[in-house]
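Numbering (my numbering), first residue to last: 1 to 1215. From the three backbone atoms N, C-alpha and C, an ideal C-beta is built for every residue, glycine too. Working notes for the structure below.
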């Protein structure tokens, strides 16, 4: 019954078959508990291999034989390894096969996934790691087995930086099968021992055997041929699987059941003799010699992976194999030290159990006379000191290793590493063997080292009589005492002081111990203890010592909010008036704080100074001339301001910019009436305030208060005598500043009321540096209240500024508000009987009416006209109000409305007034395309034949600016209505008629209108190539290719229908321009977008070209059919109507390019046909067939050849 398992192809003496027989005998007693599920998937045609439903049944010889029959027709191997409460799924599959998701039941939860890849042309190895909540050891064993038929030259993806084999054959898969079979067989000892209770030792032996067999299975191929290009990849593959199976063996209870039956058969048929020998040796427990099998780099890689994610057992396995690392030697026989080993990796990354792994690794890398170092200078000796491996450290030191060897990157010595990791025994070893303690003193003072370690450090130094320089300095001049104080290590501070540390030593920046205490500590007890120890050690602490920036300890304590420390220092006798480099005294620092609740400390500050008989200088100035009162005023600290003033501070003290405390109060963002309180205290103290003091910009406090909109401050200043007429550096008075504000408050009204109460006259017509009066600024801001107050108090409504602008000019700038504001302005002026001169011109000649028209404000225009504004005044550029209406570029009814108001006011308007460059209003309206203005002007009698400065008539401008011809039609319709004759063929200064201009500028609509109106063709000259291309340049920016080509050909078509004979040279001008601008380019993507996208086709069917033809039909037509059904006008109209915008954007350019190429080719093909007939004298049918088959470039060459022949014939005729 056992023999039935083997394949008929296997020989009876095959070692693999023998192994499987033994394995079945061993596992037979547990067959009731082990179950196997079998499924296959067809790889070619479903009718050849049908799916077999999932089946669960006990494993026996019969089921194994059935498994054997199906296993080789699959394309997929899945090995399932079940452990205590995890299972791993190894999936090896051909990229061409279908991928199915592995089922996850409701009792399963995906914990993590190592790696997975998918690609239809590659081979994959996927590893899934899942966690099973409800799983009892040994209750389930699942193996879904499908063998992959791996094609030649298949590739494996790069997984986690590991390159697997690039060129795989069936032999490689056979090796995978052999490895799995050997692993199954080797685990029989684990299954047998499950009842004996000795699981741990037996499992370890079985695992050792697994590793050996896996290694042997994959190494078999490596000994065949050293030049095999697959050698390195297969070696890495064997390392990968060796490592993976070891990682899956970290639990003591393992049931590893796989497809050993079929694998054995496969091995017996396809494996080499070496592989069969590996399978035969599966039952042995022989420990391999790693040095014979793997290179040193490969073992380093394997051990590094074990350090990263693997168990310690593999490292122990390597140790039991007797492997010892041997260094490489240079040409002098000396060992090469630059090398990154697993020891370096373990110490740098510190992954779980790294300490225990390090101790094991040192058993492999045990050459202590060789100190390997990586690129950062991290050596094995450093690792031993950092990890506390005392025996290893001792061996290194015995062999002469330097105990002061620093790391390259960090500069850490071995003693530093031992101190950081608190290895006291290692510290003693290093110190007793010559380690310099002075290199590590600063590290002792850091947070990384405990105080007890520091005490032991000094004790060891005393025991070995090692001198410690207690005041050794670091790079920035800091001593260990400085660092201990900074890190608040009070016990170490006391230890250092009692060992003689100097408390007055300064760092590079001048920081002393007392400076650091006052910045860091708020503990009076520690400060007292510090001074007490210094007194005991007979050290006098320099309490007034300054840092490099001039700060004393009192400066630092106040700046860091250490009030208790500050009080203690004051009572100790520190100078309260010492200033730093910026001239700031301790009182400056106190006043810079924004807190208003610290007034008690300030009072105590002054009280302590009085007790100590030290007078505080309240008016001390810093380098910028600012007194403490300036800072208190800036922060709005009213209580501190009051205290300083009552302590004698000068309220008029000015800094270097001329700002007094009152300036600073009025320049703050808040309007909290601090100025009023300031005045009250000064009056109480009988201190006179210079209320009109100016800063360097000429600003008084009143200027600053009004500029910031501080009503309360401004009111206090005015009531305490501030002059309302003083000007600043810009000659602006307080009234100017009031009027620059938007009318959101009644500050102007309050200003005038207080000035009246104080009997102070306000100058309302005073002008600033730009000659703006307050009324100018109020008008610009639209401040109705201010305008009314100014006008009623005598402001001149006609006052002009530097640019001769009056307030009405500024009102016009308000645009939407200008109409109501103008009415309000005239209403007030009428009330006070003030005459407004509405026609005052500014320096460029514009009146308020010009500006109102330019901004399109009808209400203001009407108000100005009804108040006497002249509508015929010219600006400097000779533009009338009619010109300004047009140049707004807004086509509305303003022109017609302006004519109506002028008629009501009985004002005559010159409709043909010539402005700059000889442009009349009609010329401007046509240029900007404003139809309503054109109609209004023509119906008012504008001359339709008037030429501008360049000789352009209105029809010339239309031919240049109106491609559709709408304006041309409008001109003729209105002139017909008003019975005005238009000269259709009037020439410009170049002699061009409107028709020539329209043709040169590609305006087919204008060409149609002009030809319909009788334009003469007898003297028509087609534009030369240079001018024609200029039009292409202009229109190429705004037109797409179809519009450009169809517009040109529509003009040609219209000219030819009207009797114009287009010469061959004219036609070449057109096709050369087409070629230059890419109008003959073919659409290579049409097939894809037409046949592959239904969206494009559905939209194309909706677009109507003619009543009987859609865009869908047009694209499918052949060129000769298309010419019969469509004209160029059809193309131009469909493009101008924007119907093609319905096409999805991703296909629009492709479709337009195709239509343009089809239409342009038809035109060129006709020209080429004529040229070919002249060149060859062939029958016309032959020439037609030739031109249909030629590419566009060949057609262009034929046209040019025909033109050359025509020129030669003309030359002969002339001779």
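Inspect the beta-carbon positions of residue i and residue j and report whether they are closer than 8 Å.
i: residue 932; j: residue 896; result: yes
i: residue 765; j: residue 778; result: no
i: residue 993; j: residue 982; result: no
i: residue 722; j: residue 740; result: no
i: residue 397; j: residue 344; result: no
i: residue 510; j: residue 547; result: yes
i: residue 963; j: residue 1000; result: no
i: residue 647; j: residue 612; result: no
i: residue 652; j: residue 617; result: no
i: residue 340; j: residue 371; result: no
i: residue 1130; j: residue 1103; result: no
i: residue 485; j: residue 517; result: yes
i: residue 1004; j: residue 1050; result: yes
Which residue's Cα is closest to the Cα of residue i: the options?
i: residue 303; options: 332, 358, 905 and 329; result: 358
i: residue 1216; options: 790, 1197, 334 and 848; result: Residue numbering for the chain in the displayed model covers 1 to 1215; residue 1216 lies beyond these limits and cannot be assessed.
i: residue 749; options: 759, 738 and 758; result: 738
i: residue 650; options: 685, 624, 635 and 672; result: 685
i: residue 609; options: 574, 580, 621 and 635; result: 574
i: residue 802; options: 665, 728, 656 and 769; result: 769
i: residue 923; options: 901, 899 and 887; result: 887
i: residue 381; options: 692, 417, 354 and 459; result: 417
i: residue 411; options: 424, 428, 422 and 378; result: 378
i: residue 390; options: 427, 1154, 327 and 1148; result: 427
i: residue 940; options: 928, 919, 918 and 902; result: 902
i: residue 790; options: 478, 761, 817 and 815; result: 761
i: residue 494; options: 894, 602 and 537; result: 537
If you drop the 5 nearest sequence neighbours on each side, which residues of the same chain put their C-beta closer than 8 Å to that of residue i?
i: residue 988; result: 947, 950, 951, 952, 953, 956 and 997
i: residue 641; result: 629, 632, 633, 661, 674, 677, 678 and 681
i: residue 395; result: 368
i: residue 1120; result: 1188
i: residue 404; result: 413, 414, 415, 434, 435, 436 and 439
i: residue 795; result: 764, 765, 773, 774 and 775
Report, in whole angstroms, the separation of the C-beta atoms of residue i and residue j, which I expect to be a contact under 8 Å.
i: residue 879; j: residue 915; result: 4 Å
i: residue 942; j: residue 971; result: 10 Å between Cβ atoms; not a contact.
i: residue 1117; j: residue 1105; result: Their Cβ separation, rounded to whole angstroms, is 10 Å, which puts residue 1117 and residue 1105 out of contact at 8 Å.
DSSP state of residue i, grouped into three classes?
i: residue 335; result: strand
i: residue 543; result: coil
i: residue 82; result: Confidence in residue 82 is poor, its pLDDT being 36 and thus under 50, which makes the residue's placement unreliable; the coordinate value appears in the next sentence. Residue state, collapsed to three classes: strand.
i: residue 446; result: coil
i: residue 379; result: strand
i: residue 307; result: helix
i: residue 171; result: Any reading at residue 171 must be qualified, since the residue scores a pLDDT of 37, below 50, and its modelled position is unreliable; the value itself is stated next. If DSSP states are grouped into helix, strand and coil, residue 171 belongs with the helices.
i: residue 1105; result: strand
i: residue 554; result: helix
i: residue 1229; result: With the chain covering only 1 through 1215, there is no way to say anything about residue 1229.
i: residue 485; result: helix
i: residue 1017; result: coil
i: residue 853; result: helix
i: residue 321; result: coil
Within its chain, find whatever has a CB closer than 6 Å to the CB of residue i; leave out the 5 residues flanking it on each side and keep chain order.
i: residue 884; result: 850, 853 and 854
i: residue 1200; result: none
i: residue 1168; result: 1187, 1195, 1198 and 1199
Considering only residues of the same chain and omitting the five flanking positions on each side of residue i, which have a CB-CB separation below 7 Å?
i: residue 1099; result: 1142, 1143 and 1144
i: residue 577; result: 585, 616, 617 and 620
i: residue 1008; result: 965 and 1054
i: residue 1158; result: 1119 and 1122
Quick check: is the beta carbon of residue i nearer than 8 Å to any beta carbon in chain C?
i: residue 824; result: Checking the listed chains, one finds no chain C in this structure; it contains a single protein chain.
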